[in-house]
Structures are given as structure tokens and as C-alpha cells.
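Chemist:
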Amino acid sequence: MVFKRYIPVVHRYKNGGYNIVLDVESGAVHVADDLAYELIPLMEGYIKKDSKPEERLPDEVLETILADPSVRELADRFSPDAVRESLEELKSLVDSDALFSEDTYRAYVGSLANRPTVVKALCLHVAHDCNLSCKYCFASEGEYKGKRELMSLEVGKKALDFLIENSGSRRNLEVDFFGGEPLMNWQVVKELVEYGRRREKEADKNFRFTLTTNGVLLNDEILEFANREMSNIVCSIDGRKEVHDAMRPFRGGQGSYDRVLPGFKKVAASRNQNNYYVRGTYTHFNTDFSRDVIHLMDEGFEQISVEPVVAPPEMDYAIKEEDVPGLLEQYDLLADEIIKRRKEGHFVNFFHFMIDLEQGPCVAKRLSGCGSGCEYLAVTPTGDLYPCHQFVGNTDFLMGNVFEGIKRTDLRDSFKACNVYTKESCDTCFAKFYCSGGCAANSYNFSGDINGTYDIGCQLQRKRVECAIRIKAQTSE
Amino acid sequence: MKHIRTLNTRDYRKSVKQGGCGECQTSCQSACKTSCTVGNQSCETLTSKR
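Respectively, the protein sequence lines represent chains A and B.
Numbering-wise (the numbering used here), the first sequence opens with residue 1 and increments by one.
Numbering-wise (the numbering used here), the second sequence opens with residue 1 and increments by one.
Now the structure itself:
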């Protein structure tokens, strides 16, 4: 019997002493011993494509596989009985559609593009101004290629009204107070939260407000309000003092680390180490960034997100291709450190290693990604709408405004149609259902097309997924 | 099984039928702002049943 060769849909990798087998299309994750790990690719050529799970590996084919020279070599190294036993175990996984499972979502993806458009999240740029002068800022010190300005209460209210009116039956609505630096327009933030609380009752909605801040203006009064009203606070800090100060100076050039650290510690403590993140950016200048994450752990933070800078390649701080191998090792080091600390009883959560295998997103979410340009929009201080905060200021992507709604429905539709199947390099990538095609802004900035890819970002993303799954394997023993 | 251990995972196929309510968090509203990370999120429907 001759079978067509199967397109690889199983991703195998070794990490931290574990042999991980990821069945891409079903999402099943297995931890294999050395024998099973080596046997899986040898089975691959015998799997029958386009058939029901229980028909993919008929009983009679098992004997053919056992007679395969490569498999017989395995039997010499382990034992014939062990190989047979392992093969039967693997067959049971194939039969239950948890190994070599097939893609059945491609037909379904069309319905995602045709789904009714609802808006469920806004990034509210309440201040296009900033009191820091971060060297890597994509917002050009808060100005976003425009002028320094603050959002008025009127525009902010209209934005919340726009969100409610366009949210359909969605109940949970998210609003991130962003900038520039949102604390530079704190009075408007407070009044918008109060307005939102009134409106949510009338409209039977639930606003989840969040705040992203550099911490310079943080004080007890702000923190008390934020702890009452904000479901998450993102605190920008890069790690070690010298790393932070080099990239996040005040306008006069002096570092901001000493100014912001005490306030961020108060955030963490007053929120009982939950529902906040210290969030940093690493660059070409600190490719040993695991030390920055560890520094943040040592300062007592338990919720940490540190991620690569997104910058044009000509910038001296941009991540270079030659940085990548070392950066991948950094993630391994970090995974080891997190496991070590957890074993010592010190919980720490690294955002990019978070993975919810049991109760993670549905396929619709995994295919369609972040929702930028349709479910998620950014609002400028004057009320202009952009697909997300990273497109703000690029007038090619100006979609409309909160007073008149979406004008560029073509843009909205192109973002809505964007999914893992419209990105050529995602189709064969094992991480596609974890990153769901990645960031449209990154894709655009590096390839000129929201359906393109940013290869360095993809390499780092794949490594983070591998480490995240390894941590799950290790902590589930 | 002796040679392979399977972690508990959500079956994507079943989620095709169950999912799509859209009540889940928007990726960039969490902690990233410069990358799309979806796999780390939780399903609002499943977690609200806990």
C-alpha cells in the first residue's frame, strides 16, 4: 500500500531536557521519551492523508513501519518490544486525533472575514505628550508625528459613546488610557472613568479600564483611584538602572529609573502582585536582557513583560539578525530561572511565557488575532481613529473619527480579513495558533503589507512559545 | 502510557463549535503593545464557568 507523503503538522523540539511534541492542528501537547521522540518522524511517511483519524494509520501498516530500516535501527538501540509498544501508543494518539491531525479550519476562516463588525476595545491616546524622551519611542516622544496635545473630555466621552454604540452584543469593553503619557491628562482620565461607569449601567456593558504609564507622575492619589477603577496597570521600566536610564531619560538627559521605581513597587504591593505588569523593552544594546528580567524579579516584581524593541533596521538600537541566536538562548535562561524560582516557592510570571493550554482561546480568536482595525482601534486626542496605536500618525491608515465613525471601510475590511491563512509564512509555522499571525503593525513596518511577516519577531515568538510549553511540561509533572 | 505523556489541552476542534463569542480580552490591551500574543490569553466563556 502506498500513501501520499504527509505535510508535516507535528513540531518536535528539545528544550530544558524535555522532548516536546506539539500537534499543531489539534493543539495537543505531548512529552515523549527518547524512543517515541525519534519514532514520530519515521512514522510520518506512512500516515494516510485526508482521512478520518482512525483510518490514518491502519493496523496492517504498523508491521510495515516496524520493518522500515530506520525503525529497525531504533529497535537495535532500544529493543524490538519497546519500539512496538511505543508505536502502539503513538497509534492510539493518531486514532484519537491528537497526533498528525489535519487542518480543518481553512474552510471556516471565510466566515471570520464576513462576521459582523463590532468594536470591543479602544486605545485612548489621552495625551500626545510625554515627560520622558525615550530613544526607542514609536510615538516620537508622544507626538506621533503630529503636535503635542491632550484629549479633551468631550472627545473622550464621544470615544466611549462610539465604543458602546459599535459594540453590538459584546458586554465586556476595554479602554486603555495610553499616550504619550496618560498621567499628563489625569483629570480627563478620571472624568472619563466616571462617565464610563455611568454609561455602562445604562447600556448594560462592563468597562475594563487599563492604564499604561511611565510612572513619572504617579502618586498615592492616582494609585488609589487606579486601584479602584483600573483592571490592569502597565508600568514601563526596562530593567537594570543603567539599561533603563540609557533608553528612558528625561528630556534633559538624566535617567528616570530612580524616579519611577518606588512608585512601581507601590503599584505591585498595593495590587497584591496581581493585575499589573512591569513592562520593559530590550534592544540591541541589552541583548543579555534576561538579566533585566531577573533584576525586576529581584526588585520584587512578580508580573513582568519585557519584549524586543520594534524599530527600523537602520536605528542603532534595533534588533539585528545576528542578535537572534543569543536572544534565543536568553529565553532558555529565563525559562530555567523561572522554574528555579518557582521551585523555591517564589512565583513569577513572565508575560511571554504565559500560555493557557487548557482554557486558552477558541480557534476563531487564534485565527483572527489581535483584532486591530476592526475590534480594536486607537483614538487620537482629536478623536481620529486608527487601526491601532502603532499606526497612529500614518495618515494612510486614518480610518475616520469618533464623531462620524469609520469612513475607510476598505481599511477595516482588509484588517478584518487578515488571519493566519492570509500570511504565507504562517501557513507552515507551528506557532500560528499561539501568535495568530503576529502584529499587523510589525508586518506592515517591515514588509509594507499587513499580511507580510517580520522574520526576527517570528523567530523570537517561536522560541517564546517553545519555552512556554516546556515550562508547562515541567510544572505538570 | 509508558513512552509519551499528554498534557491537558483544549481541543481546538471543539472550540470551533463553542467559540467565537468575542468576549475575550484584546491582545494588545494586556501588556505587550508591540506584539500579538494570543495563546497566553484565557477564554472568557471557559474561565467564567470556573
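Glycine included, each C-beta is placed from N, C-alpha and C at the ideal position.
Should Leu357/A and Arg5/B be called a contact, given that it needs their Cβ atoms to be closer than 8 Å?
Modeler: Within the first sequence, numbered from 1, the residue matching residue 357/A stands at position 357. Within the second sequence, numbered from 1, the residue matching residue 5/B stands at position 5. No.
Chemist: Quick check on DSSP: helix, strand or coil for Val72/A?
Modeler: Here residue 72/A refers to the residue found at position 72 of the first sequence. According to the sequence shown, residue 72/A is Arg rather than Val. Reduced to three states, the DSSP call for Arg72/A is helix.
Chemist: So is His30/A buried or exposed if we call it buried at 16+ other beta carbons inside 10 Å?
Modeler: One-based indexing of the first sequence puts residue 30/A at position 30. Counting Cβ neighbours within 10 Å, His30/A comes out buried, since at least 16 surround it.
Chemist: Give the DSSP bridge partners of Asp384/A, in chain order.
Modeler: Locating residue 384/A in the first sequence gives position 384, counting from the first residue. DSSP output for Asp384/A lists Asn401/A as bridge partner(s).
Chemist: Kindly indicate the opening and closing residues of the beta strand (DSSP E) around Phe415/A.
Modeler: For this step, residue 415/A is matched to residue 415 along the first sequence. Premise fails: Phe415/A lies in the alpha helix (DSSP H), 409–416, not in any beta strand (DSSP E).
Chemist: Terminal residues of the continuous beta strand (DSSP E) containing Ile4/B?
Modeler: Residue 4/B sits at position 4 when you count from the first residue of the second sequence. Looking at the DSSP string, the run of the beta strand (DSSP E) that includes Ile4/B is 4–6.
Chemist: For Ile47/A, name the three-state secondary structure that DSSP assigns.
Modeler: Reading the first sequence from its first residue, position 47 is the one you call residue 47/A. If DSSP states are grouped into helix, strand and coil, Ile47/A belongs with coil.
Chemist: Under a Cβ-count criterion, where at least 16 other Cβ atoms within 10 Å of its own Cβ denotes burial, should Asp204/A be classed as buried or exposed?
Modeler: Along the first sequence, one-based indexing puts residue 204/A at 204. It counts as exposed.
Chemist: So Glu181/A and Cys130/A are in contact, right, with Cβ under 8 Å, and what is the actual spacing, rounded?
Modeler: Numbered from 1 along the first sequence, position 181 holds the residue referred to as residue 181/A. Numbered from 1 along the first sequence, position 130 holds the residue referred to as residue 130/A. The pair is a contact, with the Cβ atoms about 5 Å apart (cut-off 8 Å).
Chemist: Since Pro308/A is in the beta strand (DSSP E), which residue starts that stretch and which ends it?
Modeler: Here residue 308/A corresponds to residue number 308 of the first sequence, with the count starting at 1. Here the beta strand (DSSP E) through Pro308/A covers 303–308.
Chemist: Is Ser48/B close to chain A, meaning its C-beta is less than 8 Å from at least one C-beta of that chain?
Modeler: Within the second sequence, the letter at position 48 stands for residue 48/B. Answer no: the Cβ-Cβ gap between Ser48/B and chain A never drops below 8 Å.
Chemist: Can you give the beta carbon distance from Gln41/B to Gln29/B, rounded, assuming they're within the 8 Å contact cut?
Modeler: For this step, residue 41/B is matched to residue 41 along the second sequence. For this step, residue 29/B is matched to residue 29 along the second sequence. Incorrect: roughly 10 Å between the Cβ atoms, too far for contact.
Chemist: Look at the alpha carbon of Ser256/A and the alpha carbon of His352/A, and state the distance between them as a whole number of angstroms.
Modeler: The residue you call residue 256/A lines up with position 256 of the first sequence. The residue you call residue 352/A lines up with position 352 of the first sequence. The straight-line gap from Cα to Cα measures roughly 25 Å.
Chemist: Expressed to the nearest angstrom, what Euclidean distance is found between the alpha-carbon atoms of Val11/A and Leu333/A?
Modeler: Stepping through the first sequence from its first residue, residue 11/A is reached at position 11. Stepping through the first sequence from its first residue, residue 333/A is reached at position 333. In the sequence as displayed, the identity of residue 11/A is His instead of Val. Straight-line Cα distance between these residues: approximately 22 Å.
Chemist: 8 Å is my cut-off, CB to CB: does His284/A come that close to chain B?
Modeler: The count along the first sequence starts at 1 and reaches residue 284/A at position 284. It does not; no Cβ of chain B falls within 8 Å.
Chemist: Would you report the Cα separation of Arg5/A and Tyr46/A, rounded to the nearest angstrom?
Modeler: Translated into positions along the first sequence, residue 5/A becomes position 5. Translated into positions along the first sequence, residue 46/A becomes position 46. Reliability fails at Arg5/A, whose pLDDT of 36 lies under 50, so the model's placement of it is uncertain and no value is given.
Chemist: Suppose you measure from the CA of Pro171/A to the CA of Glu375/A; what does that come to, to the nearest Å?
Modeler: Numbered from its first residue, the first sequence carries residue 171/A at position 171. Numbered from its first residue, the first sequence carries residue 375/A at position 375. Note that residue 171/A is Arg in the sequence shown here, rather than Pro. Approximately 13 Å, taken between the alpha carbons.
Chemist: In the DSSP assignment, find the unbroken alpha helix (DSSP H) run with His295/A in it and report its ends.
Modeler: The residue labelled residue 295/A in the question sits at position 295 within the first sequence. Where His295/A is concerned, the enclosing alpha helix (DSSP H) stretches over 290–298.
Chemist: Within the same chain, show all residues whose beta-carbon is closer than 7 Å to that of Asp323/A, passing over the 5 residues directly before and after it, in chain order.
Modeler: Locating residue 323/A in the first sequence gives position 323, counting from the first residue. Cβ neighbours of Asp323/A beyond the five flanking positions: His284, Thr287.
Chemist: Measure the alpha-carbon distance for Glu224/A versus Lys416/A and round it to whole angstroms.
Modeler: Residue 224/A sits at position 224 when you count from the first residue of the first sequence. Residue 416/A sits at position 416 when you count from the first residue of the first sequence. Cα to Cα, the separation comes out at about 38 Å.
Chemist: Taking all protein chains shown into account, decide if Val2/A is buried (16 or more other Cβ within 10 angstroms of its Cβ) or exposed.
Modeler: For the purposes of this step, residue 2/A is taken as the residue at position 2 of the first sequence. Model confidence at Val2/A stands at a pLDDT of 38, short of 50, so the residue's coordinates are unreliable; what they give is reported in the following sentence. Note on Val2/A: under 16 other CB atoms within 10 angstroms of its CB, so exposed under the neighbour-count rule.
Chemist: May I ask which residues mark the beginning and end of the beta strand (DSSP E) holding Leu218/A?
Modeler: The residue labelled residue 218/A in the question sits at position 218 within the first sequence. Unbroken run through Leu218/A: none, as it is neither H nor E.
Chemist: Kindly give me the distance between the Cβ atoms of Val175/A and Leu122/A, rounded to whole angstroms, as I take these residues to be in contact under 8 Å.
Modeler: Reading the first sequence from its first residue, position 175 is the one you call residue 175/A. Reading the first sequence from its first residue, position 122 is the one you call residue 122/A. Confirmed, about 5 Å.
Chemist: Are any of the Cβ atoms in chain A nearer than 8 Å to that of Gln29/B?
Modeler: In the second sequence, counting from the first residue as 1, residue 29/B sits at position 29. Proximity of Gln29/B to chain A, defined by a Cβ-Cβ separation below 8 Å, is satisfied.
Chemist: Residues of chain B with CB closer than 7 Å to the CB of Met354/A, please, in chain order.
Modeler: Within the first sequence, residue 354/A is the residue found at index 354, counting from 1. What Met354/A touches in chain B: Asn40.
Chemist: Given that Gln474/A touches chain B, what residues does it touch there, using C-beta distances under 9 Å?
Modeler: As a position in the first sequence, residue 474/A is number 474, starting the count at 1. Chain B residues near Gln474/A: none, gap ~11 Å exceeds 9 Å.
Chemist: Tell me the DSSP secondary structure of His284/A in three-state form.
Modeler: Locating residue 284/A in the first sequence gives position 284, counting from the first residue. It is helical.
Chemist: Less than 8 Å between CB atoms is the rule here; does Asn445/A satisfy it with respect to chain B?
Modeler: Here residue 445/A refers to the residue found at position 445 of the first sequence. For Asn445/A, the answer is no, since every Cβ of chain B falls outside 8 Å of its Cβ.
Chemist: Tyr46/A touches chain B at which residues, Cβ-Cβ below 9 Å?
Modeler: As a first step, residue 46/A is located in the first sequence; it is residue number 46 there, counting from the start. Those within 9 Å of Tyr46/A in chain B number zero; the least Cβ separation is about 18 Å.
Chemist: Which first and last residues belong to the beta strand (DSSP E) in which Asn15/A is found?
Modeler: As a position in the first sequence, residue 15/A is number 15, starting the count at 1. Unbroken beta strand (DSSP E) run through Asn15/A: 10–15.
Chemist: Hey, is Asp11/B's beta-carbon within less than 8 Å of any beta-carbon in chain A?
Modeler: Mapped onto the second sequence, residue 11/B falls at position 11. Yes, Asp11/B lies at the interface with chain A (some Cβ there is under 8 Å from its Cβ).
Chemist: According to DSSP, is Glu149/A helix, strand or coil?
Modeler: Here residue 149/A is taken as the residue at index 149 of the first sequence, counted from 1. It is a strand residue.
Chemist: I'd like to know whether the C-beta atoms of Val9/A and Val24/A end up nearer to each other than 8 Å.
Modeler: By one-based count along the first sequence, residue 9/A stands at place 9. By one-based count along the first sequence, residue 24/A stands at place 24. Contact flag set, yes.
Chemist: Assign His125/A to one of three DSSP states: helix, strand, or coil.
Modeler: Mapped onto the first sequence, residue 125/A falls at position 125. Note: His125/A maps to strand in three-state DSSP.
Chemist: Who are the neighbours of Gly280/A on chain B, taking C-beta pairs under 8 Å?
Modeler: Looking up residue 280/A in the first sequence gives position 280. Residues of chain B passing the Cβ test: none, with the nearest at roughly 10 Å.
Chemist: Straight-line CA distance for Arg50/B to Glu44/B?
Modeler: Your numbering for residue 50/B matches position 50 in the second sequence. Your numbering for residue 44/B matches position 44 in the second sequence. With a pLDDT of only 44 at Arg50/B, under the threshold of 50, the placement of this residue in the model should not be trusted, and no figure is reported.
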